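Asks:
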Amino acid sequence: MSMELIVALSMAAALFGTGVYGALSQTNLVMIMMGIELILAAALINMVAFWRYLHPEAMEAQMFVLIVMTVMAVEMAVGFGVAIARFRSRGSVEMEEAQELKG
Amino acid sequence: MSLQVFFLLAFGGAAVWFGIVVFLTHSMVRSALALLFSQTAIGAMFLVMQAEFLGVLQIMMMATEMSIMAIFMVMFMMDPGGLGEMDMKHQRKTSLAAGLVAFFGALAVAVFADWGPLATDIPDAGEQVRLLGFELLGRSMLIFESAGLTILTAMIAATALAVQARERGAKA
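Protein sequences, first through last, are from chains A and B.
Going by the numbering used here, the letters in the first sequence line up with residues 16 to 118, in that order.
Going by the numbering used here, the letters in the second sequence line up with residues 19 to 190, in that order.
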């Protein structure tokens with residue numbers, strides 16, 4: 016049993032759980048984005064841990080980390096774009112006040 | 019306990035603690051700073067796992083990203099300092115249950131799965147960068163280029179969203 020891998024994956028699991036709680040419990044758009052950032056960060060830890068402890072010869076894993084970092088940046092950019100649009104039209108980014116988005 | 023396990027626990031614990039602080043504090047600026055510390059601790063975990071390039075990249079990228087986030091927090095929040103102790107949470111029990119299920123589910127997989135033997139030989143930092151360069155500009159070039167194109171698309175989309183909203187406001 017590889018202790019290092021299990022410790023890294025456990026920390027990622029804790030961060031993932033925290034992120035899920037944050038993304039679901041917060042009413043502010045920017046805070047929801049913070050929860051999603053934590054979820055993606057947990058995915059990053061998993062990928063680096065799998066690369067380091069299982070297949071250090073496979074550099075595709077590091078490439079995937081770069082792609083997830085890109086996803087994090089894109090999520091921030093588009094999220095803030097939506098936040099600006101929402102703030103300018105409604106004066107708030109509180110998702111409790113976005114009931115009209117309900118299907 | 020090996021030194022690597024000790025530092026993984028220390029930096030991992032810091033990352034998780036600051037991650038929790040993000041949602042505990044009433045101050046939005048403190049939330050952004052806590053997220054910055056959490057992401058920096060994750061970067062330190064990468065360094066402990068001997069992924070030096072990715073660790074430094076994570077720390078530098080997240081420092082910039084969280085600084086921008088803190089600025090947006092001050093811009094958009096009615097109470098960025100948290101002095102009014104506004105409550106910004108809803109569906110607490112459901113969220114907590116979902117978070118716990120996610121945590122214990124992932125933990126069970128981490129602990130009970132058979133991961134096989136641990137790899138011992140690992141390329142040094144310089145060799146890793148060289149191999150990653152060959153990977154990015156060789157076999158995975160199309161995927162790498164797609165990432166660049168995705169960022170460009172996101173930049174245009176974000177700008178278009180913001181500009182259109184301003185024009186709509188001006189007409190109204």
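Backbone N, C-alpha and C define an ideal beta-carbon position, used for all residues, glycine too.
Because the structure is a prediction, the values reported are computed rather than measured.
E83/B: buried (16+ other C-beta within 10 angstroms of its C-beta) or exposed?
Replies: With 16 or more other Cβ atoms within 10 Å, it is buried.
Asks: Mind reading off the beta-carbon distance from A92/A to A176/B? Whole number of angstroms is fine, and I expect it under 8 angstroms.
Replies: Confirmed, about 5 angstroms.
Asks: To the nearest angstrom, report how far apart A33/B and G50/A are at their CA atoms.
Replies: So the alpha carbons of these two residues sit roughly 13 angstroms apart.
Asks: For F79/A, I'd like the list of residues in its chain whose CB is within less than 8 angstroms of its CB, leaving aside the five on either flank, ordered along the chain.
Replies: Once the five neighbours on either side are set aside, the close Cβ partners of F79/A are M62.
Asks: Who does E109/A pair with in a DSSP beta bridge?
Replies: Looking at the DSSP assignment, E109/A forms a beta bridge with N43/A.
Asks: Between the Cα of L179/B and those of S107/A, R103/A, K117/A and M110/A, spot the shortest distance and give me the residue it belongs to.
Replies: Nearest C-alpha to L179/B: R103/A.
Asks: How many whole angstroms separate the CB atoms of S40/A and R110/B, which I take to be in contact at a CB cut-off of 8 angstroms?
Replies: Correct: roughly 6 angstroms between the Cβ atoms.
Asks: With a threshold of 7 angstroms, establish whether the CB of A88/A neighbours any heavy atom of the ligand ADP.
Replies: In the structure shown, the ligand ADP is absent, as is every other ligand, since no ligand is present at all.
Asks: Short of 8 angstroms Cβ to Cβ, which residues in the stretch 18-29 of chain A face chain B?
Replies: Those residues of the stretch 18-29 of chain A that come within reach of chain B (Cβ to Cβ, closer than 8 angstroms) are M18, E19, L20, I21, V22, A23, L24, S25, M26, A27, A28 and A29.
Asks: Have a look at the DSSP bridge pairing and note the partners of K107/B.
Replies: Paired residue(s): Q41/A.
Asks: Near A98/A, which residues of its chain fall below 6 angstroms by C-beta distance, leaving aside the five closest residues on each side in sequence?
Replies: Contacts found: L44 and V108.
Asks: Buried or exposed: where does M91/B fall if 16 or more other Cβ atoms within 10 Å of its Cβ makes it buried?
Replies: Burial call: buried.
Asks: Could you check if S113/B is buried or exposed, using at least 16 other CB atoms within 10 Å of its CB as the buried criterion?
Replies: Under this definition S113/B is a buried residue.
Asks: Would DSSP call S104/A helix, strand or coil?
Replies: DSSP places S104/A in helix when its eight states are reduced to three.
Asks: With H, G and I counted as helix, E and B as strand and the rest as coil, what does DSSP make of W133/B?
Replies: Here W133/B sits in coil by DSSP.
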